[in-house]
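Enquirer:
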Amino acid sequence: MTSEAAAAARTILTRLHEVMASRANAQAKLNNVVEVIGEGLDSEVCSIYLLREGMLELFATRGLAQEAVHVTRMALGEGLVGTIAGQSETLNLAEATAHPDFSYRPETGEDKFHSFAGVPIVRRERAVGVICVQHVDPRRYEEVEIEALQTVAMVLSELITNAGLVDEEEALRLSAAQTGPEQVRGLTLVKGLGSGVAVFHQPRITIEHVMAEDTEAERQRVYLAFDKMREQIERMAAQAEFGMGGEHEEVLETYKMFAYDEGWSRRINDAIDSGLTAEAAIERVQQRTRMRMRQIDDPLLADRMHDLEDLANRLLRIVSGQLGTAASQGLRGDAILIARNLGPAELLEYDKRRLKGVILEEGSLTAHVVIVARAMGVPVLGRVRNLRGLLREGDQLLLDADQGTATIRPAQGQVEAFEARFARSRERQASYAKLRDVEPFSRDGTRITVMINAGLRDDMPNLSLTGADGVGLFRTEFQFLVSATLPARERQTRLYRDVLDSAGDKPVVFRTVDIGGDKVLPYLRHNDGEQEENPAMGWRALRVALERDGLLKVQARALLEAAAGRTLNVMFPMVSEPWEFDAAREVFESQVRFLKGQKKVLPETIRYGAMLEVPALAEMLDVLAPRLSFLSIGTNDLTQFLFAADRANPKLAERYDWLSPAILRFLKRIVTSVAGHQVDVTVCGEMGGRELEALALIGLGIRRLSITPAAVGPIKELVRRIDVSEIGEAMSGWLAAPPPNLRTELQAWAGDRGILLD
Ligand code: PEP
Ligand code: MG
């Protein structure tokens, strides 16, 4: 806002203040408002249209025929007024009749006026009315005048809401109908279907008060909020370097640039000077930026705009004290969560029963938030660009993550088609449920062990629901992620005991905590406060556990006690060299000795395993294998290291294929290296839960998979349809002389044999 505009707006606002403070009724106030604005902007005409019973009705006018008041009505999208409300956009025309949407209303007597400017009156992101000015002279209004009009529109929004002049629910319905359906595409991160209303993880703030009582106090509030916001950003930047933030560096750089941008804070201060509250001033400046950016068609700038929206929203939340995420407010009904990115712990804060889906603007297949969502059975669509530009909070959404699409504000026909697909998908799930008690033998009689990945107590019912052979990976760090403080030993013991109890005779493989990387614990900081450049390759998993061995000792005790009298399967994440496995095992063994000394009941058997996630370990398997009971290949980490491609970086999400010869040859080598040792080999990365990938793994000689529960049915079905020796032979051929595209080759192989893949 320029200072000229601020002065114009200030004069008008001072007078509006008097009008608002008067004891007149709402209609009389509106009558006064049009006078004040008409005079202030030196316009013969000023009119206010408000939404009533689905139409924009002329509520007050200066300059048009008074008989037209409450008589002239326009539909949304009809005439200039309807266009402004329908599109939520400002019009500024030298010659109104020249506009294609112009619709002449004789009862108003408006034919002598040529110039026309109008802005929408917006409440909760929906137009609830229009204020417009008209002039005899055919001239466009100055920008300062338009800005003053926009400021007035904000004030009017408060007035008409307080006076109950419009029905907000109706406005919501109408604007949805007006905007119409929209379809967005993204990358399927977790398959599935879901419907609900859009809930923003970072909720938009509704501005309750627009006109300030005390300008100096408002200035102070914004000043403090800027300070706090800058502090937050500095902290986020520090955490990102340390690998703890979900945000990417580029975004943070832009955040920083805006947070320290003098122009931005000055414009906000100018808007406060014109008489607005801090919240209204921030929003006012944002509206103006939005309008300007709309005229520039540049994707790079659009991205920056996005960042500025984020930041303005953050500033609004700080200033208004509404700091919580949508999780802290609770979900009121079926919801689809919308976020730029999320941490796994943030996702876990949502009510599982109401969370029907997640749409991320970023996201990648193996990011932990996605793994958590998969475990929760929540479909996720990722990498949807400019989602928050197309969508408003409360909009209805149909999420079809199977097809990688989401429909915003669906039409009735779309809802019906979606319901039909949903029903079919449930039928398919039910058909998989029938496989619950069927053992997965291949056509040529090979038994494939199919287990599930889990991490929470709530995941355990999946074991009997799917009929899986056990839990091949229990991610113990999930308990740490959802706790505000380090979980005490008793709590750990209780969880592990409950998990073993619910598994009954089936085995559970507990993985010791894997924290660091994108799994951040606020209460467990780096030893010496040093920041890491590459956290995924940094101080994480077993590296933390061996250095902070108190953590591992406690966990060892908890696991040993929980498994008293039973079998304990425990494995260590991110083993890079054999000695690390030995050291971790020794921590457990020393606890065994301690418990023996205490005459405590010990596990009947303890089986130690290692995860193979670091490529270097593959070269040392001849040394390590004799000491192992089992080996679990964590392909999520392993492949990120093989390709040097950050698993959480959305830019690389589609870059490399799990079905590349390099990965498959590497895995084959692991299988060959441990053959002859008494070591079970399992694949527990996300790869094993995808049909084509599972087919390839079986072809490599993998006989044990630990996968997401939803994939158990489809993978069992796949196993029953294939001939293990046949795919083994085909795979040997492909690995010896790799075809240009192994994925299409495998697809064709499956297609030729009538093996239907989802
Ligand atoms: C893996 O890396 O493949 C794995 C299973 O562990 P996580 O995804 O928890 O890192
Ligand atoms: Mg891993």
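Under my numbering, the first residue of the sequence shown is numbered 2, with each subsequent residue one higher.
No residue lacks a Cβ here, since even glycine has one placed at the ideal position from N, Cα and C.
Keep in mind it's a predicted model, so treat the numbers as computed, not measured.
In whole angstroms, what is the alpha-carbon distance linking I699 and M732?
Expert: Here residue 699 is taken as the residue at index 698 of the sequence shown, counted from 1. Here residue 732 is taken as the residue at index 731 of the sequence shown, counted from 1. Rounded to whole angstroms, I699 to M732 spans 9 Å at the Cα level.
Enquirer: For the ligand PEP, is there a heavy atom less than 7 Å away from the beta-carbon of T636?
Expert: Within the sequence shown, numbered from 1, the residue matching residue 636 stands at position 635. Because some heavy atom of the ligand PEP lies under 7 Å away, the Cβ of T636 counts as near it: yes.
Enquirer: Can you list the beta strand (DSSP E) stretches of 3 or more residues lying completely in the stretch 568-610, in chain order?
Expert: With a minimum length of 3 residues, the continuous beta strand (DSSP E) runs that stay inside the stretch 568-610 are 568-573.
Enquirer: On the premise that M292 lies in contact with V211, defined as a C-beta separation below 8 Å, what is that separation, rounded to the nearest angstrom?
Expert: By one-based count along the sequence shown, residue 211 stands at place 210. By one-based count along the sequence shown, residue 292 stands at place 291. Not confirmed; about 18 Å, so no contact.
Enquirer: Counting along the chain, where does the beta strand (DSSP E) carrying H136 start and finish?
Expert: On the sequence shown, position 135 is the one that residue 136 refers to. Start and end: R127 to H136.
Enquirer: Taking 7 Å as the cut-off, is the CB of R705 close to at least one heavy atom of the ligand FAD?
Expert: For the ligand FAD, the structure offers nothing, since it holds only the ligand PEP and the ligand MG.
Enquirer: For a minimum of 3 consecutive residues, which ranges assigned as the beta strand (DSSP E) are wholly contained in the stretch 255-315?
Expert: Within the stretch 255-315, no complete beta strand (DSSP E) run reaches 3 residues.
Enquirer: Quick check: is any heavy atom of the ligand MG less than 7 Å from the C-beta of P662?
Expert: In the sequence shown, the residue the question calls residue 662 occupies position 661. No; taking the cut-off as 7 Å, the Cβ of P662 has no heavy atom of the ligand MG nearer than that.
Enquirer: For the ligand MG, is there a heavy atom less than 7 Å away from the beta-carbon of P182?
Expert: Position 181 of the sequence shown holds residue 182. P182: no, Cβ never under 7 Å from the ligand MG.
Enquirer: Our contact map puts A559 next to T467 with C-beta atoms below 8 Å; I'd like the distance itself, whole angstroms only.
Expert: The count along the sequence shown starts at 1 and reaches residue 559 at position 558. The count along the sequence shown starts at 1 and reaches residue 467 at position 466. Rounded, the Cβ-Cβ distance is 27 Å, inconsistent with contact.
Enquirer: Nearer than 7 Å: is that true of the beta carbon of G80 relative to any heavy atom of the ligand PEP?
Expert: Position 79 of the sequence shown holds residue 80. G80 Cβ: outside cutoff for every heavy atom of the ligand PEP.
Enquirer: Hey, S770 and E79 are a contact pair by Cβ (cut 8 Å); roughly how many whole angstroms apart?
Expert: The first residue shown for the chain is 2 and the last is 759, placing residue 770 beyond what the model contains.
Enquirer: Checking the sheet assignment: what are the DSSP bridge partners for G383?
Expert: Translated into positions along the sequence shown, residue 383 becomes position 382. Answer by DSSP bridge pairing, in chain order: L188.
Enquirer: Assign Q135 to buried or exposed, taking buried as 16 or more other Cβ atoms, counted over all protein chains shown, within 10 Å of its Cβ.
Expert: Counted from its first residue, the sequence shown places residue 135 at position 134. Buried, by the Cβ-count rule.
Enquirer: For I132 and P121, what's the separation of their Cα atoms in angstroms?
Expert: Stepping through the sequence shown from its first residue, residue 132 is reached at position 131. Stepping through the sequence shown from its first residue, residue 121 is reached at position 120. Using only the alpha carbons, I get a separation of about 6 Å.
Enquirer: In angstroms, rounded to a whole number, what distance separates the CA positions of D308 and P488?
Expert: To locate residue 308, count along the sequence shown from 1; it is residue 307. To locate residue 488, count along the sequence shown from 1; it is residue 487. For D308 and P488, the distance between alpha carbons rounds to 36 Å.
Enquirer: Taking I49 as part of the beta strand (DSSP E), name the residues at either end of that continuous run.
Expert: On the sequence shown, residue 49 is found 48 positions in, with the first residue counted as 1. V46 to R53 is the span of the beta strand (DSSP E), which, as asked, contains I49.
Enquirer: Among A8, Q28, V37 and A9, which one has its Cα closest to the Cα of V19?
Expert: Here the question's residue 19 lines up with position 18 in the sequence shown. Per the sequence presented here, residue 19 reads as Glu, with Val not at that position. Among A8, Q28, V37 and A9, the Cα nearest to that of E19 belongs to V37.
Enquirer: In three-state terms, what does DSSP make of R74?
Expert: Here residue 74 corresponds to residue number 73 of the sequence shown, with the count starting at 1. R74: strand per DSSP, three-state reduction.
Enquirer: By how many angstroms is the C-alpha of N463 removed from the C-alpha of P710?
Expert: Counting from 1 along the sequence shown, the entry for residue 710 is found at position 709. Counting from 1 along the sequence shown, the entry for residue 463 is found at position 462. Those two C-alpha atoms are separated by around 6 Å.
Enquirer: Put S23 into one of helix, strand or coil per three-state DSSP.
Expert: As a position in the sequence shown, residue 23 is number 22, starting the count at 1. In the structure shown, S23 sits in coil (DSSP, three-state: anything other than H, G, I, E or B).
Enquirer: Between the alpha carbons of T367 and E590, how many angstroms are there, rounded?
Expert: Reading the sequence shown from its first residue, position 366 is the one you call residue 367. Reading the sequence shown from its first residue, position 589 is the one you call residue 590. Their Cα atoms are separated by approximately 33 Å.
Enquirer: Taking the Cβ atom as the reference point for each residue, do M452 and D438 lie within a distance shorter than 8 Å?
Expert: If you number the sequence shown from 1, residue 452 lands on position 451. If you number the sequence shown from 1, residue 438 lands on position 437. No, these two residues do not count as a Cβ contact at 8 Å.
Enquirer: Extract the residue ranges of the beta strand (DSSP E) inside the stretch 355-408, only unbroken runs of 3 or more that lie entirely within it.
Expert: You should have 356-361, 381-383 and 397-401.
Enquirer: So M764 is in the beta strand (DSSP E); what residue range does that whole segment cover?
Expert: Residue 764 is absent from the structure shown; the chain starts at 2 and stops at 759.
Enquirer: Out of curiosity, what's the CA-to-CA distance linking G539 and G517?
Expert: What you label residue 539 is simply residue 538 of the sequence shown in a count that begins at 1. What you label residue 517 is simply residue 516 of the sequence shown in a count that begins at 1. Those two C-alpha atoms are separated by around 8 Å.
Enquirer: Which same chain residues end up closer than 6 Å to T91 when comparing Cβ atoms and leaving out the 5 residues on each side of it in sequence?
Expert: Sequence index remark: in the sequence shown, residue 91 carries index 90 (1-based). Once the five neighbours on either side are set aside, the close Cβ partners of T91 are V120.
Enquirer: Below 6 Å CB to CB, which residues in the same chain sit around N528 once its five sequence neighbours on both sides are set aside?
Expert: By one-based count along the sequence shown, residue 528 stands at place 527. Confidence in N528 is poor, its pLDDT being 48 and thus under 50, which makes the residue's placement too unreliable to answer from.
Enquirer: For A164, does the count of other Cβ atoms within 10 angstroms reach 16, so buried, or fall short, so exposed?
Expert: As a first step, residue 164 is located in the sequence shown; it is residue number 163 there, counting from the start. Exposed is the call here.
Enquirer: Comparing alpha-carbon positions, which option in R722, S266, E40 and V593 lies nearest R16?
Expert: Position 15 of the sequence shown holds residue 16. Among R722, S266, E40 and V593, the Cα nearest to that of R16 belongs to E40.
Enquirer: Within this structure, are the beta carbons of L618 and L696 separated by less than 8 Å?
Expert: If you number the sequence shown from 1, residue 618 lands on position 617. If you number the sequence shown from 1, residue 696 lands on position 695. No, they are not a contact pair.
Enquirer: For a quick check, are the C-beta atoms of V672 and L701 less than 8 Å apart?
Expert: Here residue 672 refers to the residue found at position 671 of the sequence shown. Here residue 701 refers to the residue found at position 700 of the sequence shown. Yes.
Enquirer: So, is the C-beta of I161 closer than 8 Å to a C-beta in chain B?
Expert: You won't find chain B in this structure, because it holds only one protein chain.
Enquirer: Just to confirm the assignment, what range does the alpha helix (DSSP H) spanning I699 have?
Expert: Numbered from 1 along the sequence shown, position 698 holds the residue referred to as residue 699. Its alpha helix (DSSP H) spans residues E692 to L701.
Enquirer: Output yes or no for whether 8 Å exceeds the beta carbon distance between N93 and R141.
Expert: Translated into the one-based positions of the sequence shown, residue 93 becomes position 92. Translated into the one-based positions of the sequence shown, residue 141 becomes position 140. Yes, the pair counts as a contact, with Cβ atoms nearer than the cut-off.
Enquirer: Enumerate in chain order the residues of its own chain whose CB-to-CB distance from P627 is below 8 Å, with the five nearest sequence positions on each side excluded.
Expert: The residue given as residue 627 occupies position 626 in the sequence shown. If we look at P627 and ignore the five residues flanking it on each side, its Cβ neighbours are H678.
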